[in-house]
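The end of the sequence shown is residue 532 by my numbering, with every number in the run present. Reading through the structure tokens given below for one structure.
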Amino acid sequence: MSGKWLYIIITFFILTAPQTFAAKPVKPPAAPSSEIFSVVVNASQSLILVSGSNLNSVSAGTLAGIGLTLEGTPSSASAVFSFGTDVTDNVGIGSHVLKITTDSGDLSLSVYIPSPLIPPPPPSEPCPCYEDWENFRTSPAPNGFQGVALNCYIDDPDYTYVYFEDLANNLGWILRTEWLEIINEGYCEAYLDTPQLRFFSQATHEACATYLRDNIIVIYTDPDPSFPVCQYP
300 MSGKWLYIII TFFILTAPQT FAAKPVKPPA APSSEIFSVV VNASQSLILV SGSNLNSVSA
360 GTLAGIGLTL EGTPSSASAV FSFGTDVTDN VGIGSHVLKI TTDSGDLSLS VYIPSPLIPP
420 PPPSEPCPCY EDWENFRTSP APNGFQGVAL NCYIDDPDYT YVYFEDLANN LGWILRTEWL
480 EIINEGYCEA YLDTPQLRFF SQATHEACAT YLRDNIIVIY TDPDPSFPVC QYP
């Protein structure tokens with residue numbers, strides 16, 4: 300067979316033979332990066348609330364290089380840290396760096412501390428609703444509203460009210476305290492969930508209002524002043 304025919308036959312088999320192509324590797328989509336929108340420092344409760352997006356993977360934090368304790372499981376929109384005496388003894392008034400560790404890297408933000416991070420003394424009189432309110436605040440549905448966003452609130456001198464609407468579980472939570480000056484009497488309650496507890500000291504009302512303000516309103520509300528204020532029920 301001549302070299303010409305051999306070349307033609309080999310070329311024919313090459314062109315007609317099944318061809319195998321390597322699959323192009325598919326690059327998995329990158330995880331969304333975390334962002335910080337705002338930081339609220341609650342000195343009275345020794346807490347720092349970080350609001351943002353894609354914060355589910357937050358795993359650690361420091362303030363001025365001092366370690367913070369991550370409280371609970373972060374949500375996509377927020378993460379809460381607590382701090383102890385190592386922070387209160389060393390972090391004074393002024394700007395300090397808050398560093399948050401996430402799966403997508405570290406985030407750093409300058410935070411201004413306007414006053415000493417020293418918790419105030421406890422109220423002179425305890426709030427009789429404290430135990431029930433604390434159980435609801437720290438328990439997931441259906442026994443509480445942990446992880447539920449605050450719907451609205453009222454914070455007036457004689458009336459403090461917070462409302463959580465848990466649409467996923469068709470639940471609503473109302474915590475409130477009121478002082479009725481005209482009859483020198485007040486009450487606190489978790490509406491429809493616990494009995495209304497009455498008291499006869501304005502200091503007791505102040506203790507209940509302080510609990511709602513420091514443990515819920517300051518922590519759960521966005522610093523934006525447009526955060527919804529409830530209509531009086």
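All C-beta atoms in this analysis are idealised placements derived from N, C-alpha and C, irrespective of residue type, glycine included. Fair warning: this is a prediction, and the values are worked out from it, not measured in the lab.
Host beta strand (DSSP E) of residue i (start-end)
{"i": "ASN389", "result": "ASN389 -> no beta strand (DSSP E), and no H or E assigned at all."}
{"i": "ARG497", "result": "496-498"}
{"i": "TYR460", "result": "458-465"}
{"i": "ALA489", "result": "484-489"}
{"i": "LEU416", "result": "Run containing LEU416: none; DSSP gives neither H nor E here."}
{"i": "CYS426", "result": "No beta strand (DSSP E) holds CYS426; DSSP gives it neither H nor E."}
{"i": "ASP455", "result": "449-455"}
8 Å contact criterion, which residue i and residue j should meet: CB distance rounded
{"i": "TYR490", "j": "ARG512", "result": "The pair is not a contact, with the Cβ atoms about 18 Å apart (cut-off 8 Å)."}
{"i": "CYS507", "j": "CYS451", "result": "That belief does not hold up - the Cβ atoms of CYS507 and CYS451 are roughly 18 Å apart, past 8 Å."}
{"i": "LEU449", "j": "TYR519", "result": "4 Å"}
{"i": "VAL338", "j": "LEU397", "result": "6 Å"}
{"i": "GLU488", "j": "CYS428", "result": "6 Å"}
{"i": "TYR486", "j": "ILE473", "result": "Contact doesn't hold; Cβ gap of about 13 Å is too wide."}
{"i": "PHE555", "j": "GLY360", "result": "Lying before the first or after the last residue shown, residue 555 is absent from the chain, which here runs from 300 to 532."}
Nonlocal neighbours in the same chain, by C-beta distance under 6 Å from residue i, ignoring five residues either side
{"i": "VAL517", "result": "ASN341"}
{"i": "PHE320", "result": "Residue placement at PHE320 cannot be trusted, given a pLDDT of 48 that sits under 50; the coordinates are not used to answer."}
{"i": "GLU334", "result": "GLY351 and SER352"}
{"i": "LEU382", "result": "In the sequence under discussion, the amino acid at residue 382 is Phe, which differs from the Leu named in the question. Hits under 6 Å: SER345 and LEU367."}
{"i": "THR493", "result": "ASP431"}
{"i": "PRO527", "result": "CYS451"}
{"i": "LEU408", "result": "ILE335 and LEU397"}
{"i": "SER332", "result": "SER403"}
Contact set for residue i: own chain, Cβ-Cβ below 7 Å, skip 5 residues either direction
{"i": "SER377", "result": "LEU348, VAL349, SER350 and LEU354"}
{"i": "HIS395", "result": "LEU362, ALA363, VAL410 and ILE412"}
{"i": "VAL386", "result": "LEU362, ILE365 and LEU416"}
{"i": "PRO439", "result": "GLN445 and GLY446"}
{"i": "ASN468", "result": "ALA440 and PRO441"}
{"i": "LEU470", "result": "ALA440 and PRO441"}
{"i": "GLU424", "result": "SER500, ALA502, THR503 and ALA506"}
{"i": "TRP478", "result": "ASP457, GLY485, GLN501 and HIS504"}
{"i": "LEU496", "result": "PRO427, CYS428, TYR486, CYS487 and GLU488"}
For residue i, the first and last residue of its enclosing alpha helix (DSSP H)
{"i": "GLU480", "result": "It is not in any alpha helix (DSSP H) - GLU480 carries neither H nor E in the DSSP assignment."}
{"i": "ASP431", "result": "429-436"}
{"i": "CYS507", "result": "501-511"}
Own chain partners of residue i with C-beta closer than 8 Å, once the 5 adjacent residues on each side are dropped
{"i": "THR437", "result": "GLY443 and GLN445"}
{"i": "SER374", "result": "LEU354, ASN355 and GLY446"}
{"i": "SER358", "result": "LEU369, THR400, THR401 and ASP402"}
{"i": "PHE498", "result": "PRO427, GLU484, GLY485, TYR486, CYS487 and HIS504"}
{"i": "ILE515", "result": "ARG436, LEU449, TYR452, VAL461 and LEU474"}
{"i": "LEU405", "result": "The question names Leu, but residue 405 in the sequence shown is Asp. Correct list, in chain order: LYS398 and ILE399."}
Spell out a yes or no on whether the stretch 388-396 and the stretch 453-472 are touching, meaning 3 or more CB-CB pairs, one atom from each, closer than 8 Å.
no
Please give me, in chain order, every unbroken run of the beta strand (DSSP E) with length at least 3 that falls completely inside the stretch 340-398.
Entirely contained in the stretch 340-398, the beta strand (DSSP E) runs reaching 3 residues are, in chain order, 346-352, 359-362, 368-370 and 377-381.
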